[in-house]
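J.: Throughout the sequence shown, residue numbering follows our numbering, covering 29 to 338 in sequence. Have a look at the structure that comes next, please.
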Amino acid sequence: MEPPKSPKATANDLLSKVIKPVFGGTYPLPIPLVEFITDYTRQRFPSDPITEIKGADLPGFEGMLRPNKTRIRWQILYNDAADTSPGRIRFTQAHEFGHYLLHRQKRDAFSCRDADMVEWDAVEAGIEKEADEFAATFLMPTDDLRQQVSGQPPSFDLLSHCASRYEVSLMAAMLKWVEFAPKRAVVLAVRDDFVLWARANEAAFKSGVYLPTRKRTIPVPPKSVFHKRNRVGQAEVNAIPAQGWFPREPAGMPLTEMSVVSDQYRLTLGILLLPDAERRYRREEESEADDEGLESTIDRFERYGKPIIR
């Protein structure tokens, strides 16, 4: 028996072996989720397909995947509240589709609510992260996204272009983009002068440049553009010493901040960019980090009742 494929491999197989051949070797962007999910599962899994995907009043929940009593049909429900953006709905649908493909033999049903963020055990956290990895890869095909960002300087104009192309949130586009960042990069969200979450790419994480928000509360440096007294309403770029954010960086190491403010949600999204690390810097305190810099942040923020930036 072959070992199960990873979430990313599962998504990539669907894109390369099913989606692209059906559409003449190209991606139909944005990926037509509802039609594909129902048609594909009916043909591939005729004994227990997904037969219905619909919005519902789900106070405290973002989405659900559940079977009927005999487990021969499955249903995806998503929160269709008035303030739910199309990007957020699409991510919820793709996330639940990921649960169906990866986990439906392990659980009777799946639901996502605010409290799950703090109540997960290790297994629960693992399957939610896997569903998010599947959703992000399926909605934003890796080869197409690489073509969009390759050789382009980081900017919120570029990320907004990607968000529109794949019909995802700006936040989701940021979190996927950071995987391709050519230098050390950290994406983050800030509210009230404290970092809500952050994700570092591998180059940054290995050099000790990450913000372990699960371990401790991290304030914004006073001279940072993310500090509320320094913020402006539009996207802004700022240069400060890297030691302002990361004290173990050498003196003279520059850091570029990029930020965009949403007054509606009292939230600032941003990017921290650094040059390559000096050779003497190595990955330290690996066990303490607990993969903080590389964890999925979509499942911790976007899918559990938090505001989305479109």
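Glycine is no exception: its CB is placed at the ideal position from the N, C-alpha and C atoms.
1) Which first and last residues belong to the beta strand (DSSP E) in which A228 is found?
2) So V237 and F274 are in contact, right, with Cβ under 8 Å, and what is the actual spacing, rounded?
3) State the Cα-Cα distance for the pair I47 and R72, rounded to the nearest angstrom.
4) Can you name, in chain order, every residue of its own chain whose Cβ lies under 6 Å from the Cβ of A270, other than the five neighbours on each side?
5) Would you say G126 touches the ligand COA, meaning its beta carbon is less than 8 Å from a heavy atom?
6) Using the rule of at least 16 other Cβ atoms within 10 Å of the residue's Cβ for burial, across every protein chain shown, is K256 buried or exposed?
7) When the distance is taken between beta carbons, is G115 closer than 9 Å to V196?
8) Using DSSP with H/G/I as helix, E/B as strand and the rest coil, what is M281?
9) Mark A232 as exposed unless 16 or more other C-beta atoms lie within 10 angstroms of its C-beta, in which case mark it buried.
10) Tell me which same chain residues have a C-beta within less than 6 Å of the C-beta of G91, skipping the five on either side of it?
11) Considering only the alpha carbon of each residue, which of K45, E158, A137 lies closest to P32?
12) Across the segment 75–83 and the segment 94–105, are there enough close Cβ pairs to call them in contact, namely three or more that are closer than 8 Å?
13) If I measure Cβ to Cβ from P138 and keep anything under 6 Å in the same chain, skipping five residues before and after, which residues do I get?
14) Assign E306 to one of two classes, buried (16 or more other C-beta atoms within 10 Å of its C-beta) or exposed (fewer than that).
15) DSSP three-state label for F166, please.
16) Going straight from the alpha carbon of A279 to that of S252, what length do you get?
17) According to DSSP, which residues form a beta bridge with N107?
18) Looking only at its chain, what residues have a beta carbon closer than 7 Å to the beta carbon of N266, apart from the 5 residues adjacent to it on each side?
19) Which residue's Cα is closest to the Cα of M202: K211, P210, S188?
T.: Checking against the coordinates, here is how it stands:
1) Looking at the DSSP string, the run of the beta strand (DSSP E) that includes A228 is 222–228.
2) Correct: roughly 5 Å between the Cβ atoms.
3) Going from the Cα of I47 to the Cα of R72 covers about 14 Å.
4) Sequence-distant partners of A270 (beyond 5 residues in either direction) whose C-beta falls short of 6 Å from its own C-beta, in its chain, are E277, M281, L283, L302.
5) With respect to small molecules bound, the structure shown includes none, and the ligand COA cannot be examined in it.
6) When all chains shown are included, K256 counts as exposed.
7) Yes.
8) M281 falls in the coil class under three-state DSSP.
9) By the Cβ neighbour-count rule, A232 is buried, with 16 or more other Cβ atoms within 10 Å of its own.
10) A distance below 6 Å between beta-carbons, with the five flanking residues on each side excluded, links G91 to the following residues of its chain, in chain order: Y106, T120, E124, C140.
11) Selected option, being the one with the closest Cα: E158.
12) Output reads yes: the segment 94–105 touches the segment 75–83.
13) Per the sequence shown, residue 138 should be read as Phe rather than Pro. These residues qualify, in order along the chain: L93, H127.
14) Residue burial is scored here from C-beta neighbours: E306 has fewer than 16 other C-beta atoms within 10 angstroms and is therefore classed as exposed.
15) DSSP places F166 in helix when its eight states are reduced to three.
16) C-alpha of A279 to C-alpha of S252: approximately 17 Å in a straight line.
17) Looking at the DSSP assignment, N107 forms a beta bridge with A84.
18) Answer for N266: V253, E285, listed in chain order.
19) When only C-alpha atoms are compared, the closest one is S188.
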